[in-house]
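Engineer:
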Amino acid sequence: MEDGDWVLVRKPAEKDFWNPTSMDLADTSKPLKVTFSGPAKHWTDAIPIGNGRLGAMVWGGIASETLQLNEDTLWTGVPGDYTNPEAPAALAEVRKLVDNGDYAEATKAAVKLSDHPSDVYQLLGDIKLEFDESHVKYTEGTYSRELDLETATARVKYSVGDVEFAREHFASNPGQVIVTKISASKPGSLSFTVSLDSKLHHHSQANRQNQIILQGSCPGKRIQPKVGLNENPKGIQFTAVLDLQVSQGGVIHNIDDKKLKVEGSDWAVLLLVASSSFDGPFTMPSDSKKDPTSETLNALKSIKTLSYSDLYAHHLDDYQNLFHRVSLQLSKSSKSNLGDGSLEMKEVKSSTKNSHFSKSNDGAVSTAERVKSFQTDEDPSFVELLFQYGRYLLISSSRPGTQVSNLQGIWNKDIEPAWDCAPHLNINLQMNYWPSLPCNLKECQEPLFDFISSLAINGSKTAKVNYETSGWVAHQVTDIWAKTSPDRGEAVWALWPMGGAWLCTHLWEHFTYTMDKDFLKNKAYPLLEGCTSFLLDWLIEGPGGYLETNPSTSPEHMFVAPDGKPASVSYSSTMDIAIIREVFSEIVSAAEVLGRKDDALIGKVREAQAKLPPTKIARDGSIMEWAVDFQDPEVHHRHVSHLFGLFPGHMITVEKTPDLCKAVDFTLFKRGEEGPGWSTTWKTALWARLHNSEHAYRMVKHLISLVDPTHEADFEGGLYSNLFTAHPPFQIDANFG
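Following full-length UniProt numbering, the numbering of the sequence shown begins with 1 at its first residue and continues without gaps.
1) Note down the Cα distance separating K335 from S693, rounded to an integer number of angstroms.
2) By how many angstroms is the C-alpha of T76 removed from the C-alpha of I732?
3) Do you know whose CA, among L54, S286 and F724, lies nearest K234's CA?
4) If you reduce the DSSP assignment to three classes, tell me which class E347 lands in.
5) Taking 8 Å as the cut-off, decide whether the C-beta atoms of A268 and I182 are in contact.
6) If you draw a straight line from the C-alpha of K359 to the C-alpha of R53, how long is it?
7) Note down, one range per segment and in chain order, each alpha helix (DSSP H) of at least 4 residues found wholly within the stretch 485–522.
8) For residue 769, I'd like the list of residues in its chain whose CB is within less than 8 Å of its CB, leaving aside the five on either flank, ordered along the chain.
9) Is G595 helix, strand or coil when you go by DSSP?
10) Pull up the distance between the alpha-carbon of I49 and that of N406, whole angstroms please.
11) Comparing C-alpha positions only, which one of T239, T73 and A110 sits nearest to L91?
12) Can you give, in chain order, each stretch of the beta strand (DSSP E) that sits fully within the stretch 78–137 and has at least 3 residues?
13) Decide if Q445 is buried, meaning its Cβ has at least 16 other Cβ atoms within 10 Å, or exposed.
14) With DSSP run on the structure shown, which of helix, strand or coil describes P48?
15) Where do the N-terminal and C-terminal ends of the alpha helix (DSSP H) with A299 fall, by residue?
16) So what's S355 in DSSP terms, helix, strand or just coil?
17) Mind checking P614: buried by the 16 CB within 10 Å criterion, or exposed?
18) From D266, K96 and L385, pick the residue whose C-alpha is nearest to that of K186; which is it?
19) Tell me the rounded alpha-carbon separation between Q237 and N466.
20) Check whether the Cβ atoms of P292 and S275 lie closer than 8 Å to each other.
21) List the DSSP bridge partners of T35.
22) Below 8 Å on the Cβ atoms is my contact criterion, and I expect I452 with D119 to pass it. Report the Cβ-Cβ distance as a whole number of Å.
23) Rounded to the nearest angstrom, how far is the Cβ of L147 from that of V34, given a contact under 8 Å?
24) Of the choices A154, N458 and A590, whose alpha-carbon is the least far from that of F519?
25) Which of helix, strand or coil does DSSP assign to S334?
26) Closer than 7 Å: is that where the CB of E586 sits relative to any heavy atom of the ligand GTP?
27) Between the Cα of L503 and those of Y433, E468, S470 and F559, spot the shortest distance and give me the residue it belongs to.
28) Please report the distance separating the alpha-carbon of L437 from that of W496.
29) Could you name the residues of the same chain whose beta carbon sits closer than 7 Å to that of R619, not counting the 5 residues immediately before and after it, in chain order?
30) So that I know if they touch, is there some Cβ in chain C lying closer than 8 Å to that of G50?
31) Given a cut-off of 8 Å, decide if V194 and V241 are closer than it, judged by their beta-carbon atoms.
32) Can you give me the C-alpha to C-alpha distance between S721 and S381, rounded to a whole angstrom?
33) To the nearest angstrom, how far is the alpha carbon of A106 from that of R95?
34) Out of curiosity, what's the CA-to-CA distance linking L25 and K332?
35) Please report how far the alpha carbon of A171 lies from the alpha carbon of R399, in whole angstroms.
36) Are the stretch 209–223 and the stretch 154–161 in contact at 8 Å, needing three or more beta carbon pairs?
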């Protein structure tokens, strides 16, 4: 970037990519495995596996085992109307109050701009396995459970007497199936019962083809708090089929058409396929032509002819093509001039080729123990593991054609999950996709672009009706139906029309990494154009000749108005202007690449750029969060929205704006280190952009703290034993951050 504009470089030739010759260096690191000393006691002890669309949590129980299942299109609700014809009058009222400096009243009046809440992500069901009673008396010390990131495989092993039992689980993207293989070291000694269940409205039946078919439906409306039952439209329908195969000599019994019982087998393979009637965000489930039962049975038919080893080989080929593109090796620095004790990055290698290597399993220490000991041993290989686990989770929760990775990726055990599992657009959804480009997983970002396209369709209606503007808008929370109107409730979180604009920065970033001109022309530019049209109409001429946003909030943060009253609504929050400045810079650069720099829209953008207010420094030397230097009642607030210009924005840099960087440094110091996981990783990224390795590393250390799921409320941020990151409760964004 030169003076705020982008400089183009040629697309790198394939031969210019680093090509790994060997992975010898990595042999000094520990295996990329998440290990456990026993079965899961809590959901956050279970192992997540996923193929982008289907997910499972593997508990690793001995006498009884549970695989909790998810399918990413299972949501409550139906397509909604995201417009409010009464909003323009409310908007005019709020703007007048802001102009008069009556911020507390403006905050109250802004609730009239709020809408209904998002819909809610649901769950699919559970595979339940019951083994015979001898398993209760398994041999102490023989149990092991692990997730191998190299192969995206969960494994459980233990011995009963002289028989070793082993289970392998993986979620195949090419096969669109969750596969489980259970085997015994002694022929004929495997016996168990399997069933399929769900917390949702469902019917489950075992048939004579050694299958259990579960058919169910999601509520057509989210559960309303303390409201009597009212009309409930038809929701998304779904089907899951569990197919069971056993070795020669093994017998399968059908028990009451509910369960299947295996006796005297050497091994068993379970295939779980599932699909839903969801046919895009604009089709009512009642109008959907998709039949999930026939789709699921057809999907099963296409893979049933494949052997277990074929299914596994296809899975490995697909997964490792993505996972093996990046290796990371860190070492503790021995240099005296790095006296801060920070880790020195030795190797980050990124490649479009695959590299295969295997390591022995030392298996001695559980990953939870490694988290606990990190504050003292600062094991660099643990940071490598956490880095690669984030890549694993993105590959497992977001693939071309799937839904976006939501607040918990794809993994959810609840009918009413925290924050509805809904994608939040004021940091969380964006952070989910931060690793996609620098960690060489650009394909995993495709669902985000599909989703932005859907938001643009609904968002153009919201913009036109609610705000009487052109273009499209999205607010702070959304769902599978591409909700674009404000959330319910207080303005402090609900009134934030910058969600779509922030998402649009991912479009340009994708182009700068890939130099894919077709993508820029056909996908990115039309979306950027619509977003820019909204922003130009949303900006209004202020008294000092500057353009301003009114009303404006800084996500989820209040201030003390000059009259001493708490408020959240004012004008031109620093984040608003930073996001707008970023989008304007990007569309101007995109127009130059596409030969459209003389378009009327670009002329308007250039005029507006000159009138955007500058980033201001407060009396105490920090970056001002609002246009006025209001008193901040919560200086350690979790959001660092006013630092967007440094990261993920590009307008504040150490080289070009040293004074602003000094102010950012003080702002971070003032904000403090406490906060949920995503706040910790955002601060890590900000310190890194300031080239401050000591503080960036302090934030990494801050994240690596073991959360006790029975006393979650005592923690801020941290990691669970399965390395899921905590808000708390679990939120996946910090794993990606």
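Idealized CB from N, CA, C, for every residue including glycine.
Structural biologist: According to the structure data:
1) No answer about K335 holds up, because its pLDDT of 41 lies below 50 and its placement is not dependable.
2) 21 Å
3) S286
4) The pLDDT assigned to E347 is 49, lower than 50, so where the model puts this residue is not dependable, and the model offers no usable value.
5) yes
6) Because the pLDDT at K359 is just 30, under 50, the model does not fix this residue reliably, and the value given afterwards should be weighed accordingly. Roughly 29 Å between the two C-alpha positions.
7) 491–494 and 499–514
8) No answer is possible for residue 769: the residues shown for the chain start at 1 and end at 737.
9) coil
10) 15 Å
11) A110
12) You should have 125–131.
13) buried
14) Taken through DSSP and simplified to helix, strand or coil, P48 comes out as strand.
15) P292 to K304
16) Reliability of the predicted coordinates at S355 is poor, the pLDDT of 31 falling under 50, and no value is obtained from them.
17) exposed
18) D266
19) 32 Å
20) yes
21) E146
22) So it is not a contact: roughly 19 Å between Cβ atoms.
23) 4 Å
24) Checked all of A154, N458 and A590; the closest Cα to F519 is A590.
25) The predicted position of S334 is uncertain, since its pLDDT is 42 and thus under 50; no value can be drawn from it.
26) The model on display carries no ligand, and the ligand GTP is accordingly not part of it.
27) Y433
28) 27 Å
29) Cβ-Cβ distances below 7 Å link R619 to D629 in the same chain, with the five nearest sequence neighbours on each side left out; the list follows chain order.
30) Although the question refers to chain C, the structure presented lacks it and comprises just one protein chain.
31) no
32) 17 Å
33) The straight-line gap from Cα to Cα measures roughly 8 Å.
34) Reliability of the predicted coordinates at L25 is poor, the pLDDT of 44 falling under 50, and the value obtained from them is presented with this limitation in mind. Approximately 15 Å between the Cα atoms of the pair.
35) 13 Å
36) no
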